[in-house]
Amino acid sequence: MNKTKKLIAGVSSASVAVMLSGCNDQAQELPPEPTDAECQDWEWDEDDGVYECDDTNSRYFGYYFFGGRYFSGTSSLLKNSKYKSYKKSSSFKGGSTGFGSSKGFGG
-11 MNKTKKLIAG
-1 VSSASVAVML
9 SGCNDQAQEL
19 PPEPTDAECQ
29 DWEWDEDDGV
39 YECDDTNSRY
49 FGYYFFGGRY
59 FSGTSSLLKN
69 SKYKSYKKSS
79 SFKGGSTGFG
89 SSKGFGG
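Heads up, the sequence shown is in this note's numbering, so the first residue is -11 and it goes up one at a time.
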C-alpha cells in the first residue's frame, strides 16, 4: 500500500472512531424510558428531547410523553409550561443536528 492509501485509511478509521464514540456518549445521557403501563415500547425523539410511544397496540401510539403526561403532537407539547422551561434549560436533551439526527446529512 502506498503512503497516500495508508494516510486515507488512517484518517477514515479515526473519523469512524470519533463518530461512534460521540453516538455512545449521547445514548448514555438520555433519561430512562418511562414505565407507564399504557405504552410498552418507547422511541427517543431527538429533536424534541422527549420519548414517543412506539407501541402499535397502545391507544397512545405516536404520542409524546413528558412530565408523566401524554401529548398528541408537538403543538400540544409546546403549549405545556413545564416543557417550555425544560426546552430552555441546560438539561434539555434534544435539538441535536449532528450525526444520527434527522437534520444531519442524508436524513
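Think of the CB as a built atom: it goes at the ideal place given N, C-alpha and C, for glycine as much as any other residue.
Membership of Tyr51 in any alpha helix (DSSP H) is not indicated, and neither H nor E is assigned to it by DSSP. The alpha-carbon separation between Tyr51 and Trp30 amounts to approximately 10 angstroms. Glu17 sits exposed, since fewer than 16 C-beta atoms from the chains shown fall within 10 Å of its C-beta. Taking the C-beta atoms as reference points, Gly83 is found no nearer than 9 angstroms to Glu40.
Boundaries of the beta strand (DSSP E) around Glu31: Trp30 to Asp33.
Counting other Cβ atoms within 10 Å of its Cβ, Leu66 stays below 16 and is therefore classed as exposed.
With contacts defined as CB atoms closer than 9 angstroms, Asp24 and Phe53 qualify as a contacting pair.
The secondary-structure analysis by DSSP pairs Tyr39 across a beta bridge with Trp32 and Phe53. With contacts defined by Cβ atoms closer than 9 angstroms, Asn68 and Gly55 form a contacting pair. Considering only Asp42, Gly37 and Tyr48, the residue with the shortest C-alpha distance to Ser73 is Gly37.
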